[in-house]
Structure formats: C-alpha cells, structure tokens
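Participant:
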Amino acid sequence: MSNVQLINNLPFMLSSGYSNDNIWLTVHKRHKVKGKLLNSKMDEYTSIPLAHNHICDERRASNTDIKDCVCKWCYSYIQATIHPAIRKKMDHNSTQFSNLGYIPKKIYTINNRLRYISFGEVSSHIQVINILKHAQINNHLKKAVWSKAYGYWKGKQLNGNIENLNLIWSCSKLDCQKFIIPKGFNKSFYVYTDEEKLQESKAKAQKEGYKVIECNKMCAMCNHCYENSESTIVMEVLRMGRGKIKLS
Ligand code: SF4
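Residue numbers (this note's numbering): 1329 to 1576.
1. For the beta strand (DSSP E) holding W1497, just list the boundary residues, first then last.
2. In this structure, does DSSP put F1578 in helix, strand or coil?
3. Who are the near neighbours of S1422 in its chain, counting only those whose CB is closer than 6 Å to its CB and skipping five residues on each side?
4. Cβ of C1547 versus every heavy atom of the ligand SF4: is any distance shorter than 7 Å?
5. Closer than 7 Å by C-beta to M1418: which residues in its own chain qualify, once you throw out the five before and the five after it? Chain order, please.
6. Just verifying my parser: in three-state terms, what is the DSSP assignment at Q1485?
7. Do F1517 and C1499 have their beta-carbon atoms positioned less than 8 Å apart in this structure?
8. Can you grab the Cα-Cα spacing for the pair E1372 / R1441, in whole Å?
9. Do you know how far the Cα of K1484 is from the Cα of L1502?
10. Is any heavy atom of the ligand SF4 found at a distance shorter than 7 Å from the C-beta of N1551?
11. One question on the structure: do K1539 and E1558 come within less than 8 Å of each other, judged by their Cβ atoms?
12. Should N1367 be counted as a contact of the ligand SF4 given a C-beta to heavy atom distance under 7 Å?
13. Locate the alpha helix (DSSP H) running through E1523, then write down its first and last residues.
14. The ligand SF4 and I1431: does the residue's C-beta get closer than 7 Å to at least one heavy atom of that ligand?
15. Considering only C-alpha positions, which residue in the set E1386, M1546, M1549 and G1537 is nearest to I1561?
16. CB-CB under 6 Å to P1432, same chain, minus the five flanking residues each way: which ones, in chain order?
17. Is I1541 near the ligand SF4, going by C-beta to nearest heavy atom under 7 Å?
18. Any contact of the segment 1487-1498 with the segment 1471-1479, i.e. 3+ C-beta pairs under 8 Å?
19. Count the other CB atoms, across all protein chains shown, that sit within 10 Å of the CB of S1343; report buried if there are 16 or more and exposed otherwise.
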C-alpha cells in the first residue's frame, strides 16, 4: 500500500514506505540509543535501496580474501543481515526496476533530495533505464546515484533532459591512488582506511588536477553530492575504519 500523503495536492513521502509507483523509499531518521540521539549521515534524506547483484555476492563470499575491496566492509550487507525486512524491500525494488513496463510517478521528499542505490547495486541495463526514467519525472528533486557498475550505465540516455542528477562512480578498491571519473559520470567516490591515507591520496589527486572534497558524513551540512554538478572526487574514511583496519 502506498505511503504517499497529499499535501496541497502534492504527493509527499514523509516516512518510509511504498511510493505511488510501488517503489520502496527509505526516509532516514536519527536513532536514539540509550536516550541519546545518534548522528546520521542521511538524516531526513530519502533513498531507494536495491538488492545486491552477483558481483556484490561474489566479493562477499567467505572463500574470497579481497580485503582491499570496499565490498568486504559493506554497510548495506551488515544492515540487511541484521534486519532481514530491509532485504525484502531491496529485492522488491530490484524487481520493480526490472520491469520493462514500469511507469514512474512524481514524488516529493522532505528536503527535496533523493539518493538512488543507498543499498545494493544495479544488475541490468533495464534497471538503469528505469532509474533514469524515475529521475526524469522527478526533475524537481536534487538527486544522486552511487554505483560501482559502470558497464550498466555506459552510454545510457533518455529522450529529453534529466535535470538535477549527479552520477557518482564508486571506486571498489580501498586506499586507491589511481584516480578516474568515468565518462558519463560527474563524480567519483573513493574510500580510505584512515585519515593519513586519505590526506596522502587527496594531495596526489590534486596534483593530478582533480578537485577533491572530503566527505564529512553529514549530508545536510554539505549537500555536495546532490547540488554540485562539477567533476569532483569525493573521499571518505571507511565508516568502521578510522585506523582500525589493516589491509596487510
Ligand atoms: S560529500 Fe557531502 S553530500 Fe556527499 S556523501 Fe559526503 S556528506 Fe553527503
């Protein structure tokens, strides 16, 4: 059942639920632990999770030992394991976006932002086309897609303009110092295991001519990924990292 509320005749998503085109949208909220409100990177942001694809699963398999791959430390895998209900929503969205006859509908979000692929990954060209169709009908929202699956996005476009959409390529390799922004994307996202490696990599990327932004994990104070359309590289210290992870 749809969780859309009409406000001044506009379809608003004020809390997590199904939109009027039957896509699950997560509205992120800060949680209280022992009476204390925790910081949340995406407080009041709305996002669309997808299922993990076969590459995610292969990289997570227990018989692989690719410690320098960010997928080994994937936050969405941990969350989907702790809360199996989320996994059902992820699967549902991937099925919906795999439908050739999918017709997207307009929604409004609390802060006029929308993130695609907060969890999981695209697993087909059809899913990419349907996400782009959703983005186009929601041109009024400031949107960002994070994806590692460059091959599915390559050369994809729709008739007509898609406005306010940043395509952000996520680098799979931790502590990577080989910098690229793939064609068709306007940003790349790199993750480091500690602050020192991030600063070293930032200096190298800047020397190569890239504009680098450090992610402060507080989107509401920053909004770079949603509002800035320049070619930039965003660097973040791994959520559970901060010096605790040793790759060798
Ligand atoms: S760079 Fe800013 S907008 Fe992008 S994820 Fe980090 S805090 Fe959020």
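Glycine included, every Cβ here is placed at the ideal spot set by N, Cα and C.
Facilitator: According to the data block:
1. L1493 to S1498
2. One cannot answer for residue 1578 here, as it falls past the ends of the chain, which runs 1329 to 1576.
3. L1378 and A1379
4. yes
5. P1377, L1378, A1379, A1408, F1447 and G1448
6. coil
7. yes
8. 9 Å
9. 27 Å
10. yes
11. yes
12. no
13. E1523 to K1535
14. no
15. G1537
16. D1349, K1461, H1462 and I1465
17. yes
18. yes
19. exposed
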